[in-house]
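Residue numbers (the numbering used here), protein chains in the order written: chain E, 122 to 259; chain D, 122 to 259; chain S, 594 to 919; chain G, 594 to 919.
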Amino acid sequence: MFDKYIVCPYGLRNVIDEHGSIEGFELKIRIPYYRGVPLSVVDSLKITIGAETFTNESIRFTVASGSFTMSEMSTVATRRWNFDEDATLKVTRPGGLVYFDQRVEVLIAIRAPYGIFTGHDVKVLSLEPDKYLAVAAK
Amino acid sequence: MFDKYIVCPYGLRNVIDEHGSIEGFELKIRIPYYRGVPLSVVDSLKITIGAETFTNESIRFTVASGSFTMSEMSTVATRRWNFDEDATLKVTRPGGLVYFDQRVEVLIAIRAPYGIFTGHDVKVLSLEPDKYLAVAAK
Amino acid sequence: MATIKRGVSLYSYQEEYFLRTMKLEDCIKAVSDMGATGVEIIPEQMCNEYPDLSPEFLKKWFGWMEKYHVQPTCADAFSEALLFKNRVLSDDELVDLMERDLKVAHDLGCFVIRTLCTTPMRVIERSLPLAKKHGVKIGLEIHAPLDLGSSWFDPYQDLIDRRGTEWFGIIPDMGVFELKPSRIKADRAIRDGANAKIVQYVNDAYDAKADLKKVREDIAKMGANAEDFKWLGLCARILHTDPQVLKKHKGHIFHVHAKFYDMLPDFTDENLDYEVVVPVLKEIGYDGWLSSEYEGNRTIDDAFPVDSIQQVSRQHEMFKRLIGEK
Amino acid sequence: MATIKRGVSLYSYQEEYFLRTMKLEDCIKAVSDMGATGVEIIPEQMCNEYPDLSPEFLKKWFGWMEKYHVQPTCADAFSEALLFKNRVLSDDELVDLMERDLKVAHDLGCFVIRTLCTTPMRVIERSLPLAKKHGVKIGLEIHAPLDLGSSWFDPYQDLIDRRGTEWFGIIPDMGVFELKPSRIKADRAIRDGANAKIVQYVNDAYDAKADLKKVREDIAKMGANAEDFKWLGLCARILHTDPQVLKKHKGHIFHVHAKFYDMLPDFTDENLDYEVVVPVLKEIGYDGWLSSEYEGNRTIDDAFPVDSIQQVSRQHEMFKRLIGEK
Ligand SMILES: [Mn+2]
Ligand SMILES: [Mn+2]
Numbered sequence: 122m123f124d125k126y127i128v129c130p131y132g133l134r135n136v137i138d139e140h141g142s143i144e145g146f147e148l149k150i151r152i153p154y155y156r157g158v159p160l161s162v163v164d165s166l167k168i169t170i171g172a173e174t175f176t177n178e179s180i181r182f183t184v185a186s187g188s189f190t191m192s193e194m195s196t197v198a199t200r201r202w203n204f205d206e207d208a209t210l211k212v213t214r215p216g217g218l219v220y221f222d223q224r225v226e227v228l229i230a231i232r233a234p235y236g237i238f239t240g241h242d243v244k245v246l247s248l249e250p251d252k253y254l255a256v257a258a259k
Numbered sequence: 122m123f124d125k126y127i128v129c130p131y132g133l134r135n136v137i138d139e140h141g142s143i144e145g146f147e148l149k150i151r152i153p154y155y156r157g158v159p160l161s162v163v164d165s166l167k168i169t170i171g172a173e174t175f176t177n178e179s180i181r182f183t184v185a186s187g188s189f190t191m192s193e194m195s196t197v198a199t200r201r202w203n204f205d206e207d208a209t210l211k212v213t214r215p216g217g218l219v220y221f222d223q224r225v226e227v228l229i230a231i232r233a234p235y236g237i238f239t240g241h242d243v244k245v246l247s248l249e250p251d252k253y254l255a256v257a258a259k
Numbered sequence: 594m595a596t597i598k599r600g601v602s603l604y605s606y607q608e609e610y611f612l613r614t615m616k617l618e619d620c621i622k623a624v625s626d627m628g629a630t631g632v633e634i635i636p637e638q639m640c641n642e643y644p645d646l647s648p649e650f651l652k653k654w655f656g657w658m659e660k661y662h663v664q665p666t667c668a669d670a671f672s673e674a675l676l677f678k679n680r681v682l683s684d685d686e687l688v689d690l691m692e693r694d695l696k697v698a699h700d701l702g703c704f705v706i707r708t709l710c711t712t713p714m715r716v717i718e719r720s721l722p723l724a725k726k727h728g729v730k731i732g733l734e735i736h737a738p739l740d741l742g743s744s745w746f747d748p749y750q751d752l753i754d755r756r757g758t759e760w761f762g763i764i765p766d767m768g769v770f771e772l773k774p775s776r777i778k779a780d781r782a783i784r785d786g787a788n789a790k791i792v793q794y795v796n797d798a799y800d801a802k803a804d805l806k807k808v809r810e811d812i813a814k815m816g817a818n819a820e821d822f823k824w825l826g827l828c829a830r831i832l833h834t835d836p837q838v839l840k841k842h843k844g845h846i847f848h849v850h851a852k853f854y855d856m857l858p859d860f861t862d863e864n865l866d867y868e869v870v871v872p873v874l875k876e877i878g879y880d881g882w883l884s885s886e887y888e889g890n891r892t893i894d895d896a897f898p899v900d901s902i903q904q905v906s907r908q909h910e911m912f913k914r915l916i917g918e919k
Numbered sequence: 594m595a596t597i598k599r600g601v602s603l604y605s606y607q608e609e610y611f612l613r614t615m616k617l618e619d620c621i622k623a624v625s626d627m628g629a630t631g632v633e634i635i636p637e638q639m640c641n642e643y644p645d646l647s648p649e650f651l652k653k654w655f656g657w658m659e660k661y662h663v664q665p666t667c668a669d670a671f672s673e674a675l676l677f678k679n680r681v682l683s684d685d686e687l688v689d690l691m692e693r694d695l696k697v698a699h700d701l702g703c704f705v706i707r708t709l710c711t712t713p714m715r716v717i718e719r720s721l722p723l724a725k726k727h728g729v730k731i732g733l734e735i736h737a738p739l740d741l742g743s744s745w746f747d748p749y750q751d752l753i754d755r756r757g758t759e760w761f762g763i764i765p766d767m768g769v770f771e772l773k774p775s776r777i778k779a780d781r782a783i784r785d786g787a788n789a790k791i792v793q794y795v796n797d798a799y800d801a802k803a804d805l806k807k808v809r810e811d812i813a814k815m816g817a818n819a820e821d822f823k824w825l826g827l828c829a830r831i832l833h834t835d836p837q838v839l840k841k842h843k844g845h846i847f848h849v850h851a852k853f854y855d856m857l858p859d860f861t862d863e864n865l866d867y868e869v870v871v872p873v874l875k876e877i878g879y880d881g882w883l884s885s886e887y888e889g890n891r892t893i894d895d896a897f898p899v900d901s902i903q904q905v906s907r908q909h910e911m912f913k914r915l916i917g918e919k
């Protein structure tokens, strides 16, 4: 359910690290379920862009309550992804995305108490202006 | 610290399952640290009996607050092993222990916020009468 | 004389809430606008502070209750047993979660929490003193495919016999009284690739109480595709419990989930047996809530705009008539 | 005139508590029996209900405080940053743990919690409003090898300059004022296999302030074994901060950990510089607690019975003399 809303129509952009290199890209997603959940039940994510596939290992998941890599998330039981909230997925991919229009496919699995809830969405998005990460304070 | 108290001088015995077979044995240990801890920080356990070694995979850890396999324990952050409490380790070993006197060696690692606390103890224990697991109610 | 009360689970407005066109206050106002007075909520859906509701939020919440002349009824809980990938939560941990949800419900002013059938009965039993402590009842939702009349309920009946009905009871979901294949679901199946002719054949066979094994062979010969077989499977799982079974549960029905998929413009529901169910509820003296759960959005949202407010209002027109409200 | 107060961290009685020969009440009584009045506690050591202390436990706790004429001082917290094997807790999560410990301390009637130097300073800073909310101060323990006089403290001084000293300050552990190699530790090294002659040679060299690189070469020639080198390493790490440095911290010392390893029968401590430290504390007008932390048990328990009560009592005799208590 809510599958067609998973990939947000906005928010796809390359991410420039503190040294000025493109470290990857990010996109925003919505939850394919009818309530918010603790982050630990976000079981797996698979993002396909063009012919490339990215899984848990290369994805950082950020919501208002925290920012974790997908492998860290398995123990994050006290922070939540809310029902009405965009999550930002940052994908490590040196060089980032090249083409202006990108076919973005997301497969996501959430462990509900009665089993796995999967969601699937594909959209063609246009790259927005790059995001520059601030140089750390010290 | 408290290393010499890790292996309790009592509590070594074979465990008989509901079908009457010896499924393994159990022993009791104390914490080699100066406070109680959440179960998730019990990082690893290694038990050596005679020439055999048993690690996390074959050990079930039981305290008043719960009973978990060592692989389950990694996410048990809200249940604690208290400073003054015996923990029971049940080790899966079909046939159990045979000899009356057993050299029992325990190596345990606990993750404190400032690093790993390890404990090590060896004792020779005598087998106590078998423990019979009750047949489940239904 | 005590009578059935009309309420809404804000779950009904999830599409608009998800799309951010209705906020929590708008949902509450929508309930009030229909003259309904009970507000059910899934805290994890619409309270982002869950499980620690701040005094500031609660002040707003009760402010809305007063402003819109409504009252909190049920808080829907989930018991996140698969919180961690490496294990199922222990009973002890599930009791802790139950207490957490009882507290949330108490804070929200709800009289009952909905627990799922995935919560082990022994966890429910161990939670009864906590229900008493927080002054909130525990209601087991009985949802299709569970059958209100089957022996599946026996252990729970035993729990009731042993522990009484002050803190434990049931929340039947009216989805168990399904009369026939849903028209909007059939249309969706066709949009998803099923053949209109085959769907119609299956529906007619269902109405005629035909043997579905035979129907399966028939449609195979007609050249059925995967979506056609999916439709047949969906029809085969339709559950119509006899509404008379509610009499058996008289005395421990805490709350009712008034599930529905599609209300017609003439304020009738083709699919669910409310025309029989509501009179039975009246007959057994049920004086709790009929709490709307609109779930049709999932079915139509690929092709049509969702109007949850309109759908729920139509259901309440039907309820007014069936309850005999002036 | 304000004066230094005598207290005990129940940590001092951990050996007997662990061996179940002293219960919590016995530990509190032991403090009282010496005329000390302050009780410091590691809740995770002696309160099995941590972190949710029940009203029943707290009633007993405050009953003991009254019965034994003592009062709670400090609650020692840990900030379990490595709670999970797969990651370090986030700052947000550590702030939650800090609040949990502030609440526990508040419930116990403590005025301060001890936080470890492993807690990131930004977490401490974010926790200051919570300290205020719960009315409990946050004290950073400064423990060897941290040097009270080094620039390591600069960021914390900056925090104090920016945010004041009402809620953040320090808890120096007197282990930083170590004068010389500990006799009981030397004896233990010998029991563990070090050569008595080499241990003596190292100790003499230490007293003579000899170059330890040279000493290393010397003992290698004497045939030193692993335990001998371990002893040399231990001596090389002895930290003697100049007690005058306490003057620099005047005004933000919330509490003092009176660490010790071995009190002699004549009520003196060969190892730690209390003869200088206490007068400095008096001079700067410190009117908080000297809270005993006996830690010698770990060193002697392989060969000797541990008598924590006697050891702590001896230290308090010394404190009475140094404070000038009648
Ligand atoms: Mn329902
Ligand atoms: Mn200390």
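C-beta: ideal position from N, C-alpha, C; glycine also.
Source: prediction; values computed, not measured.
Beta-carbon spacing of residue i, residue j below 9 Å
{"i": "R707 (chain G)", "j": "G732 (chain G)", "result": "yes"}
{"i": "D740 (chain G)", "j": "T834 (chain G)", "result": "yes"}
{"i": "R134 (chain E)", "j": "F123 (chain E)", "result": "no"}
{"i": "A597 (chain G)", "j": "L865 (chain G)", "result": "It is worth fixing the name first, because residue 597 (chain G) is Ile in this sequence and not Ala. Cβ atoms of I597 (chain G) and L865 (chain G): not closer than 9 Å."}
{"i": "I831 (chain S)", "j": "E734 (chain S)", "result": "no"}
{"i": "S195 (chain E)", "j": "N679 (chain S)", "result": "yes"}
{"i": "D251 (chain D)", "j": "K125 (chain D)", "result": "no"}
{"i": "S720 (chain S)", "j": "L682 (chain S)", "result": "no"}
Reduced DSSP category for residue i - H, G, I as helix; E, B as strand; rest coil
{"i": "H833 (chain G)", "result": "strand"}
{"i": "K259 (chain E)", "result": "At K259 (chain E), the pLDDT of 41 sits below 50, so the modelled position is not reliable and the matter cannot be decided from this model."}
{"i": "D619 (chain G)", "result": "helix"}
{"i": "P665 (chain G)", "result": "strand"}
{"i": "H140 (chain E)", "result": "coil"}
{"i": "R214 (chain D)", "result": "coil"}
{"i": "T209 (chain D)", "result": "strand"}
{"i": "V681 (chain S)", "result": "coil"}
{"i": "T892 (chain G)", "result": "helix"}
{"i": "Y126 (chain D)", "result": "helix"}
{"i": "D164 (chain D)", "result": "strand"}
{"i": "N796 (chain G)", "result": "helix"}
{"i": "H850 (chain S)", "result": "strand"}
{"i": "G656 (chain S)", "result": "helix"}
Close-in-space but distant-in-sequence residues of the same chain around residue i (CB under 6 Å, 5 per side omitted)
{"i": "R260 (chain D)", "result": "Nothing in the structure corresponds to residue 260 (chain D), since chain D is present only between 122 and 259."}
{"i": "Y643 (chain G)", "result": "P636 and E637"}
{"i": "C620 (chain S)", "result": "L603 and Y606"}
Of the residues the options, the one placed nearest residue i, counting alpha carbons only
{"i": "E608 (chain S)", "options": "S:K622, S:M639, S:G628 and S:I597", "result": "S:M639"}
{"i": "Y867 (chain G)", "options": "G:L883, G:G878, G:P858 and G:I877", "result": "G:L883"}
{"i": "I170 (chain E)", "options": "E:P250, E:I237 and E:G217", "result": "E:G217"}
{"i": "L701 (chain G)", "options": "G:P836, G:P898, G:F860 and G:S647", "result": "G:S647"}
{"i": "P722 (chain S)", "options": "S:W760, S:T711, S:F746 and S:V792", "result": "S:W760"}
{"i": "M536 (chain S)", "options": "S:H848, S:V870 and S:N890", "result": "Here chain S has residues from 594 to 919 only, and residue 536 (chain S) is not among them."}
8 Å CB neighbourhood of residue i in its chain, flanking five on each side removed
{"i": "D138 (chain D)", "result": "E144 and L254"}
{"i": "P858 (chain S)", "result": "R907"}
{"i": "S625 (chain G)", "result": "Y661, H662 and V663"}
Cut-off 7 Å between Cβ atoms - residues of its own chain near residue i, not counting five sequence neighbours on either side
{"i": "D222 (chain E)", "result": "V245 and S247"}
Inter-residue CB distance, residue i and residue j (contact presumed, cutoff 8 Å)
{"i": "S165 (chain E)", "j": "V212 (chain E)", "result": "14 Å between Cβ atoms; not a contact."}
{"i": "A198 (chain E)", "j": "S161 (chain E)", "result": "5 Å"}
{"i": "G600 (chain S)", "j": "G631 (chain S)", "result": "2 Å"}
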